[in-house]
Structure formats: C-alpha cells, structure tokens
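Asker: Numbering (our numbering), first residue to last: 195 to 491.
Every residue gets a Cβ at the ideal spot worked out from N, C-alpha and C, and that includes glycine.
Quick one: structure below, then a few questions.
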C-alpha cells in the first residue's frame, strides 16, 4: 500500500476565468455534454479548498483561532500534528484539532451540493476526498461512493490493543477536551485519520478500477501536492476530459496539460455556481442546498 508524502508545485493565482487548451472542448461544450448525460461515470477529486467556504479554519494559518490554540503546545512545525511519533509523545495537539474538526461542527457548501447533485442524477462514479471533516458524508454521499483517502473521524482504533471503535464512542471525550482512552488497555484511541507514513485506507485501491472507466474527471479545491492522491489526476485515459474548478492552477494543469483539459479558475463557490448555470441545474441545485442547510446550522 502506498503512503503519504509531498510533491510541491509552484501555484499561479489568477482572476476568476474560464479557459481551455488548444482543443475544441470549451467549458460550455463540456457542460452541455454533462447536461446531456454524455458523461455518466464522473469521478470527483476534492481537497481542503472545498471546506474553506464552510468556515473550517486552517490550523497552519497565523491569525486563526485554531492556530493560536495550537501554539500553546510549541509544535516543532504545524504538520507534526499528523506524525505518529509526535502523537505518541504528545497527543493533545491532535485532539485540540480533532475537537474543532469533528463532524457536526460545520455544514456542507456549494461544492458538496454539486457532488450530491451528481449522485442524485446517477452520474457520480466515485468521490475521492483528501478531507477529514466528514462534510461529504454530511452532504449525503454514501460510503460506497466515497473514498476518504486521508481517513475519517467516523471510526477509531486503540493505538495499543487495536480494538476498534465508532467515532461516536469517543466523541464525548474529544468534545470535552480529554484524550480518549481504551477501557480494555488504557491505550489512546486514535480516530482513523491517516498520519504521515501510514498506509492509506484499503478503499483507496478502488482507483485501480475506477479511473480507467471514468468518462469525466472533476477536480475541486486541491493543490494536488500530496501523493499518492495527486497522481490520480493523471490516472484517467488521455481522451477523458478533466475539469479543474480551483483558485489556482495546479499539478498537470500547470505543466502537463491535455487536449481536453478545461479550467474554471477563481473563487470556488462562484465557479461551482457558474457551472450549475451552464448545466441548467439551478432548480435542482437549490433544492439540494436547502436540504443540506447550506449557509447555516
């Protein structure tokens, strides 16, 4: 099984705009094809950028309340929160973060509503997410359609005896600021979030069969820096259109563009709404938004 590591590209921040490569495929044409259900096996890849509109803070951003709360622990660097050696030494910073991110604190947004709409229209083959906030589940994406590449808070495991728990079992301890302990051996119970160096969930291997079958790849809110997730963008067949809805140009959209690549660059929420309008899905979209209570608890 592959493990997490980093590959970094230089990002380009540009104004909100739509662009395609030298090919004939434009955003309008891609949207028309999707509207006419010429694409019926859509794979979606998402990252932290789709959670930002929901108000989820970035623990690495100075000035955020969560960042300030974590400074009391004198972390050697922010990513130490997700390193096993540091967790075994001091699990408190991780559980401070876990309390903030635990499912139920935030609502899905327009990007999640788009994913749900693809599901409702029976066009979604699979949703691959780097996020651990559970908003995809909250948006109604069923487990069989969801690959949580970096793990989940919905289950947990004792770090000593390996006894398995549900996320709800440890929620009271996490929300009260305590470190959950296994009643069997008193070991620390760790949510099944993938730390650096850990194996990705077995469900991740779905990509081996999913991506060769996909007829459209939609990528939203990710920097495509963390492997092996980032390489999935290149796993679809060369003839398959790839649509990037993102603030920045990233990954192969920077350095290895294909003839059927289309980019909708700028504010993510505005990009999603632009796509919805082109698809003429506005009414269905607003129904999903209402169901998900987008905009408030």
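1. Identify whether residue 245 lies in helix, strand or coil by the three-state DSSP scheme.
2. Classify residue 449 as buried or exposed, calling it buried when 16 or more other Cβ atoms lie within 10 Å of its own Cβ.
3. Can you tell me which of the three DSSP states residue 378 falls into?
4. By the DSSP assignment, the beta strand (DSSP E) with residue 384 in it spans what residues?
5. Which complete beta strand (DSSP E) runs does the region 256–324 hold, if anything under 3 residues is left out?
6. Decide if residue 303 is buried, meaning its Cβ has at least 16 other Cβ atoms within 10 Å, or exposed.
7. Is residue 237 helix, strand or coil by DSSP?
8. I need the boundaries of the alpha helix (DSSP H) containing residue 343, first residue and last residue.
9. Which first and last residues belong to the beta strand (DSSP E) in which residue 436 is found?
10. Who are residue 455's beta bridge partners in DSSP?
11. Verify whether the separation of the beta carbon atoms of residue 458 and residue 438 is less than 8 Å.
12. Assuming residue 392 and residue 382 form a contact by the criterion Cβ under 8 Å, report the distance between their Cβ atoms to the nearest whole angstrom.
13. Would the region 388–407 count as touching the region 347–358 if we require 3 or more Cβ pairs under 8 Å?
14. Assuming residue 410 is part of the beta strand (DSSP E), what are its boundary residues?
15. For residue 268, does the count of other Cβ atoms within 10 angstroms reach 16, so buried, or fall short, so exposed?
16. Would DSSP call residue 420 helix, strand or coil?
17. For residue 435, count neighbouring C-beta atoms within 10 Å of its own C-beta (all shown protein chains included) and say buried if the count is 16 or more, exposed if not.
18. Terminal residues of the continuous alpha helix (DSSP H) containing residue 392?
19. Assuming the contact rule is C-beta atoms closer than 8 Å, residue 239 and residue 411 should be a hit. Round their C-beta distance to whole Å, please.
20. Tell me the DSSP secondary structure of residue 155 in three-state form.
21. Work out the CA separation of residue 265 and residue 271 for me, nearest whole Å.
22. Determine the contact status of residue 466 and residue 305, defining contact as a CB-CB distance below 8 Å.
23. Between the beta-carbon of residue 503 and the beta-carbon of residue 346, is there less than 8 Å?
24. Would you report the Cα separation of residue 361 and residue 426, rounded to the nearest angstrom?
25. Just mark residue 371 as buried or exposed, buried being the case when its beta carbon has 16 or more other beta carbons within 10 Å.
26. May I ask you to list the residues that DSSP assigns as paired with residue 358?
27. For residue 289 versus residue 389, is the C-beta distance shorter than 8 Å?
28. Give me the Cα-Cα distance between residue 215 and residue 402, rounded to the nearest whole angstrom.
29. Are residue 397 and residue 341 touching if we call contact CB-CB under 8 Å?
30. When DSSP labels each residue in this structure, what does residue 443 get in the three-state scheme?
31. Determine, using beta carbons only, whether residue 417 and residue 456 come nearer to each other than 8 Å.
Answerer: Straight from the coordinates:
1. Residue 245 sits at position 51 when you count from the first residue of the chain shown. Under the three-state reduction of DSSP output, residue 245 falls in the coil class, being neither helix nor strand.
2. In the chain shown, the residue the question calls residue 449 occupies position 255. Flag for residue 449 reads exposed.
3. Along the chain shown, one-based indexing puts residue 378 at 184. Residue state, collapsed to three classes: coil.
4. Locating residue 384 in the chain shown gives position 190, where the first residue counts as 1. Following the DSSP letters along the chain, one finds residue 384 inside the beta strand (DSSP E) bounded by residues 383–387.
5. 318–323
6. Residue numbering aside, residue 303 sits at position 109 when the chain shown is read from its first letter. Per the 10 Å Cβ criterion, buried.
7. Within the chain shown, residue 237 is the residue found at index 43, counting from 1. Here residue 237 sits in strand by DSSP.
8. Translated into positions along the chain shown, residue 343 becomes position 149. Run containing residue 343: none; DSSP gives neither H nor E here.
9. On the chain shown, residue 436 is found 242 positions in, with the first residue counted as 1. From DSSP, the beta strand (DSSP E) with residue 436 extends over 436–440.
10. Against the chain shown, residue 455 aligns to sequence position 261. As DSSP reads the structure, residue 455 sits in a beta bridge with 436.
11. Position 264 of the chain shown, counted from the start, is the residue given in the question as residue 458. Position 244 of the chain shown, counted from the start, is the residue given in the question as residue 438. Their beta carbons are under 8 Å apart, which means residue 458 touches residue 438 by this criterion.
12. Numbered from 1 along the chain shown, position 198 holds the residue referred to as residue 392. Numbered from 1 along the chain shown, position 188 holds the residue referred to as residue 382. Going by Cβ atoms, the distance from residue 392 to residue 382 rounds to 15 Å, so no, they are not a contact pair.
13. no
14. For the purposes of this step, residue 410 is identified with residue 216 of the chain shown, where counting begins at 1. Element bounds for residue 410: 410–414.
15. As a working note, residue 268 is residue 74 in the chain shown. Exposed, because fewer than 16 other Cβ atoms sit within 10 Å of the Cβ of residue 268.
16. Residue 420 sits at position 226 when you count from the first residue of the chain shown. Looking at residue 420 - three-state DSSP - the assignment turns out to be strand.
17. Against the chain shown, residue 435 aligns to sequence position 241. Looking at its Cβ environment, which holds 16 or more other Cβ atoms inside 10 Å, residue 435 is buried.
18. By one-based count along the chain shown, residue 392 stands at place 198. Here residue 392 belongs to no alpha helix (DSSP H), and DSSP marks it neither H nor E.
19. Taking the chain shown and counting its residues from 1, the one referred to as residue 239 is at position 45. Taking the chain shown and counting its residues from 1, the one referred to as residue 411 is at position 217. Contact flag correct, Cβ pair sits at about 7 Å.
20. A query on residue 155 cannot be resolved here, the shown segment of the chain reaching from 195 to 491 and no further.
21. What you label residue 271 is simply residue 77 of the chain shown in a count that begins at 1. What you label residue 265 is simply residue 71 of the chain shown in a count that begins at 1. Each residue's Cα considered, the two are about 10 Å apart.
22. As a working note, residue 466 is residue 272 in the chain shown. As a working note, residue 305 is residue 111 in the chain shown. Contact flag set, yes.
23. Residue 503 lies beyond the residue range present for the chain, which begins at 195 and ends at 491; the question has no answer from this structure.
24. Reading the chain shown from its first residue, position 167 is the one you call residue 361. Reading the chain shown from its first residue, position 232 is the one you call residue 426. Going from the Cα of residue 361 to the Cα of residue 426 covers about 28 Å.
25. Along the chain shown, one-based indexing puts residue 371 at 177. Counting the other CB atoms within 10 Å of its CB gives residue 371 a total below 16, which places it among the exposed residues.
26. Locating residue 358 in the chain shown gives position 164, counting from the first residue. Paired residues: 351.
27. In the chain shown, residue 289 corresponds to position 95, counting from 1. In the chain shown, residue 389 corresponds to position 195, counting from 1. It is not a contact, given that the beta carbons lie outside the stated cut-off.
28. For the purposes of this step, residue 215 is identified with residue 21 of the chain shown, where counting begins at 1. For the purposes of this step, residue 402 is identified with residue 208 of the chain shown, where counting begins at 1. Unreliable positioning characterises residue 215 in this predicted model, as indicated by a pLDDT of 44, which lies under 50. The coordinate reading is nonetheless provided below. In a straight line, the C-alpha of residue 215 is about 27 Å away from that of residue 402.
29. Looking up residue 397 in the chain shown gives position 203. Looking up residue 341 in the chain shown gives position 147. Contact flag set, yes.
30. Indexing the chain shown from 1 puts residue 443 at position 249. The answer is strand: DSSP assigns residue 443 an E or B state.
31. Sequence index remark: in the chain shown, residue 417 carries index 223 (1-based). Sequence index remark: in the chain shown, residue 456 carries index 262 (1-based). No, Cβ-Cβ distance for residue 417 and residue 456 is not below 8 Å.
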